[in-house]
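Okay, so here's the structure we're looking at.
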Ligand SMILES: CC(C)(COP(=O)(O)OP(=O)(O)OC[C@H]1O[C@@H](n2cnc3c(N)ncnc32)[C@H](O)[C@@H]1OP(=O)(O)O)[C@@H](O)C(=O)NCCC(=O)NCCS
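Written out as structure tokens, the structure reads:
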């Protein structure tokens with residue numbers, strides 16, 4: 675079955691998803707070494723993502739190779755490959771592409787839920803907060819759904835920009851615009867001295883089966 679994420683990526687070569695399960699003995703020993711002492715839920719999401727990556731590499735004709743995390747947790751993709759991983763308690767997804775036509779991509783999926791007010795305060799800038807709570811916001815989605823969309827879109831953007839900048843961003847360092855054209859968003863970094871190539875990127879989102887899905891692609 676085609677992943678609901680497929681429609682969010684026009685340049686990606688592979689989109690794979692699965693339900694997280696324990697698969698210690700099906701991943702490369704070098705990969706297992708990274709989570710050997712982790713709790714079962716972490717081992718399951720890590721291994722399921724690696725099995726999706728393995729399928730993706732095979733589909734793309736990339737030689738089988740372990741996908742190891744760098745010290746900062748970001749995945750170390752083989753030369754010429756870009757990708758991104760996301761997992762929730764009951765869902766795991768991997769998106770892969772070739773460089774070119776892609777330079778980077780980011781994916782994030784969240785289970786629809788109400789975020790705690792303290793978390794919302796950390797995520798939204800004053801302008802975003804004012805827009806979300808104003809009468810200008812004409813959306814069929816609930817406030818909870820739309821707040822979560824802001825969270826997820828920023829995470830997808832973060833994963834896309836990170837391989838190029840290797841720099842951290844706080845949620846309030848970036849602002850989201852949701853144009854009336856449904857299913858698209860734009861993320862703009864509010865910091866001076868930020869590399870122009872990743873200062874403003876567009877992305878796509880969808881609400882499917884109780885989840886919000888967000889994808890950001892940067893073309894080469
Ligand atoms: C890295 C981060 C974005 C991951 O998001 P998350 O919702 O916690 O978790 P997800 O399941 O969606 O994603 C996990 C995957 O992200 C990937 N990842 C981790 N660090 C990453 C980074 N710096 N850049 C790109 N991808 C990264 C990994 O592949 C990881 O899966 P793996 O450990 O199995 O390999 C998040 O933990 C984080 O550090 N956020 C702080 C930065 C931020 O979000 N700033 C605000 C937005 S601008």
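Numbering (our numbering), first residue to last: 675 to 894.
Idealized CB from N, CA, C, for every residue including glycine.
Source: prediction; values computed, not measured.
Residue nearest to residue 686 within the set 692, 739, 714 and 758 is 758 (criterion: CA-CA distance). Judged by beta-carbon spacing, residue 807 lies beyond the 9 Å limit of residue 822, meaning their Cβ atoms are not closer than that value. Residue 763 and residue 786 have their alpha carbons spaced roughly 12 Å apart.
Fully enclosed beta strand (DSSP E) runs of no fewer than 3 residues occupy 848-851 of the region 805-862, in order along the chain.
Contact fails between the region 740-758 and the region 790-807, because fewer than three Cβ pairs, one in each stretch, are under 8 Å apart.
A contact between stretches requires three or more CB pairs, one per stretch, nearer than 8 Å, and the region 696-703 meets this requirement with the region 717-724.
A residue is called buried when at least 16 other Cβ atoms come within 10 angstroms of its Cβ; residue 853 does not meet this threshold and is exposed.
Between residue 879 and residue 860, the C-beta gap is not smaller than 9 Å, which leaves the two residues out of contact. Residue range 765-772 is occupied by the beta strand (DSSP E) that includes residue 771, with no alpha helix (DSSP H) assigned at that position. Check the Cα spacing between residue 765 and each of 804, 892, 887 and 893: the tightest is with 887. Distance from the C-beta of residue 853 to the nearest heavy atom of ligand 1 is not below 8 Å.
For residue 712, no beta strand (DSSP E) segment is defined, and its DSSP state is neither H nor E. Of the residues 849, 760, 848 and 820, the one whose Cα lies closest to the Cα of residue 689 is 760. Between the alpha carbons of residue 824 and residue 805 lies a gap of roughly 12 Å. Short note on residue 889: C-beta not closer than 8 Å to any heavy atom of ligand 1.
In its own chain, leaving out the 5 sequence neighbours on each side, no residue places its CB closer than 6 Å to the CB of residue 809. Look at residue 845: its beta carbon is less than 8 Å from one of the heavy atoms in ligand 1. Residue 891 sits buried, since 16 or more C-beta atoms from the chains shown fall within 10 Å of its C-beta. DSSP, read as helix, strand or coil, puts residue 746 in coil. At least one heavy atom of ligand 1 lies closer than 8 Å to the C-beta of residue 829. Taking 8 Å as the cut-off, the C-beta of residue 759 counts as close to a heavy atom of ligand 1.
Distances between the C-beta of residue 723 and the heavy atoms of ligand 1 include at least one below 8 Å.
Around the beta carbon of residue 835, 16 or more other beta carbons lie within 10 angstroms, which makes this residue buried.
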